[in-house]
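Residue numbers (this note's numbering), protein chains in the order written: chain R, 1 to 259; chain X, 1 to 222.
Even glycine gets a Cβ: it sits at the ideal position worked out from N, Cα and C.
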């Protein structure tokens with residue numbers, strides 16, 4: 001927190017710069033003297049990039065899109081914490097007033113083998129897309145819109161499914177996990193789709209396929225530190241991971257697929 | 001024929017479930033072990049403990065099977081732990097320059113590999129040097145236990161080892177339930193308490209033996 005509520009803040013940034021996936025990266029230090037406490041973290045990076053462009057330097061590449069915490073694009077590890085230190089927020093919702101005047105801030109990309117750095121702070125999260133393609137969907141004939149409440153769903157079930165569906169697929173769970181595991185992400189999808197009547201039909205096939213796809217991407221294993229839950233901007237519960245473990249076990253025995 | 005089972009168990013979740021089940025089995029073994037040890041407190045001359053040991057041995061081949069089974073569970077737990085730890089290390093080749101945990105990971109959860117390895121070192125001394133493979137122990141069980149544990153160096157080693165075992169259980173017991181899919185808003189707070197209780201009960205319970213024989217035992221040490 002800024003002490004004397006100054007009009008502008010001085011910030012020292014140590015930003016990870018990496019030319020491409022195969023290049024070796026390193027931290028580069030930037031000094032900003034005119035940071036407004038009301039800027040979001042991404043706006044502060046915009047200011048830095050404006051300056052870099054003016055001086056003919058290469059701007060810092062970072063992912064962002066909606067800037068209102070729902071798209072899941074922004075993905076920075078700030079001082080060792082995915083999305084910064086605030087609970088239940090993404091980087092775009094983090095404001096500079098949360099830092100002290102004169103503070104040094106380390107900015108790193110998500111770090112996991114399954115998320116290779118594309119450039120600077122941008123990582124390739126297509127591993128998540130491949131997991132989704134393996135089973136993160138419901139196969140139904142869409143047709144015209146069905147009647148509302150034609151399929152009764154208990155309130156509690158709907159709430160639980162909605163809580164899991166809040167996952168924006170940003171990958172903070174992987175970034176925060178000491179083992180780079182993707183369990184929270186995959187379990188949120190398994191739990192979201194498997195709880196609802198429309199998704200139940202493919203429940204067994206889905207959980208097995210998604211776990212196999214997750215393993216194939218080289219994510220780590222879960223050791224129940226629950227750092228993912230603490231870092232998740234949508235506060236997805238690790239209870240979903242237990243649900244996925246259970247469903248995976250049951251599906252493995254129940255499925256008639258002998259492979 | 002059982003390819004499906006192999007595939008399921010060798011997956012990330014399968015390995016965790018095996019870790020959990022072997023771990024919980026070992027906790028059951030610890031419970032049996034500490035109950036057996038309580039016979040040491042029953043009388044001064046160690047008759048109860050010697051009888052207990054003879055009763056176990058009277059099972060003959062069944063005891064051998066149990067011992068081999070126990071060894072296999074230990075081995076599986078250790079081999080899987082190493083495999084998981086190695087895979088988890090591999091999953092992030094480029095480490096973070098700055099790392100800040102958010103308060104969910106604990107000293108116990110982050111040190112499972114270290115505490116587990118130290119327990120293994122302890123087991124080597126406990127099983128191979130001190131008791132199971134020590135011929136003196138089989139000739140005079142209770143006397144050997146008391147003599148071994150009354151030595152200050154041994155007693156210190158045993159108490160430290162039990163503290164480390166407690167730390168291992170503090171994460172392991174609760175974690176095992178999450179891994180096998182037992183989580184519910186009503187169950188989770190109970191598991192938190194049970195995890196701590198199990199860790200403290202076993203660490204303190206087992207540590208009472210070396211402490212007792214070091215400080216309070218007067219029954220004619222060598």
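Around the beta-carbon of residue 142 of chain R, fewer than 16 other beta-carbon atoms lie within 10 Å, marking it exposed. In the three-state scheme derived from DSSP, where H, G and I count as helix and E and B as strand, residue 212 of chain X is classed as helix. The contact set of residue 139 of chain R on chain X, defined by CB atoms closer than 7 Å, is empty, because the minimum CB distance reaches about 23 Å. Judged by beta-carbon spacing, residue 170 of chain R lies beyond the 7 Å limit of residue 184 of chain R, meaning their Cβ atoms are not closer than that value. Straight through space, the alpha carbons of residue 209 of chain R and residue 5 of chain X are spaced by roughly 15 Å. A residue is called buried when at least 16 other Cβ atoms come within 10 angstroms of its Cβ; residue 168 of chain R meets this threshold and is buried. Taking all protein chains shown into account, residue 60 of chain X has fewer than 16 neighbouring C-beta atoms within 10 Å of its C-beta and is therefore exposed. Annotated as proximal: residue 107 of chain R and residue 15 of chain R, with beta-carbon spacing under 7 Å. If you draw a 10 Å sphere on the C-beta of residue 32 of chain X, you find fewer than 16 other C-beta atoms in it, and that means exposed.
As DSSP reads the structure, residue 109 of chain R sits in a beta bridge with R/76. Between the region 84 to 104 of chain R and the region 150 to 159 of chain R, the count of C-beta pairs closer than 8 Å stays below three; the two stretches do not touch. In terms of beta-carbon proximity, residue 248 of chain R lines the interface with chain X, with at least one pair separated by less than 7 Å.
Judged by their CB atoms, residue 168 of chain X and residue 116 of chain X are nearer to each other than the 7 Å cut-off. Cα atoms of residue 213 of chain X and residue 46 of chain X: separation of roughly 12 Å, rounded to the nearest angstrom. Close CB contacts of residue 118 of chain X within its chain, under the 6 Å cut and outside five residues either way in sequence, are with 164 (chain order). Per DSSP, reduced to three states, the secondary structure at residue 33 of chain X is helical.
If you draw a straight line from the Cα of residue 22 of chain X to the Cα of residue 90 of chain X, it comes to about 24 Å.
Beta-bridge annotation (DSSP): residue 9 of chain R is paired with R/35. Taking residue 215 of chain R as reference, the option from R/71, R/11, R/131, R/223 with the minimal CA-CA separation is R/131.
With its beta carbon at least 7 Å from every one in chain X, residue 159 of chain R lies outside the interface. As computed with DSSP, residue 83 of chain R is found in no beta bridge at all. Residues 123, 124, 125, 127, 171, 174 of the same chain have their beta carbon placed closer than 7 Å to that of residue 115 of chain R, with the five preceding and five following residues left out of the count. For residue 149 of chain R, no chain X residue has a Cβ inside 8 Å of its Cβ, as the nearest lies near 27 Å away. For residue 170 of chain X, no CB of chain R lies under 7 Å from its own CB, so it is not counted at the interface with that chain. In its chain, beyond the 5 residues on either side, 71, 73, 74 have a beta carbon closer than 8 Å to the beta carbon of residue 65 of chain R.
Judged by DSSP in its simplified three-state form, residue 118 of chain R adopts strand. In this model, residue 166 of chain X and residue 68 of chain X are separated by some 25 Å (Cα to Cα). Any Cβ of chain R closer than 7 Å to the Cβ of residue 13 of chain X would place that residue at the interface, and such an atom is present. Leaving aside the five residues that flank residue 230 of chain R on each side, the residues in its chain whose CB is nearer than 8 Å to its CB run, in chain order, 87, 176. Measuring C-alpha to C-alpha distances from residue 174 of chain X to each of X/3, X/27, X/156 identifies X/27 as the nearest. Within the same chain, Cβ atoms closer than 8 Å to the Cβ of residue 204 of chain R are found at 247, 250, 251, 254, 255, the five residues on either side in sequence being excluded. Residue burial is scored here from C-beta neighbours: residue 2 of chain X has fewer than 16 other C-beta atoms within 10 angstroms and is therefore classed as exposed. At a cut-off of 7 Å between C-beta atoms, residue 132 of chain X does not count as an interface residue with respect to chain R. Cα atoms of residue 176 of chain X and residue 20 of chain R: separation of roughly 40 Å, rounded to the nearest angstrom. By alpha-carbon distance to residue 195 of chain R, the top candidate from R/212, R/178, R/220, R/165 is R/165. Taking a contact to require three or more Cβ pairs closer than 8 Å, the region 213 to 227 of chain R and the region 75 to 92 of chain X qualify as touching.
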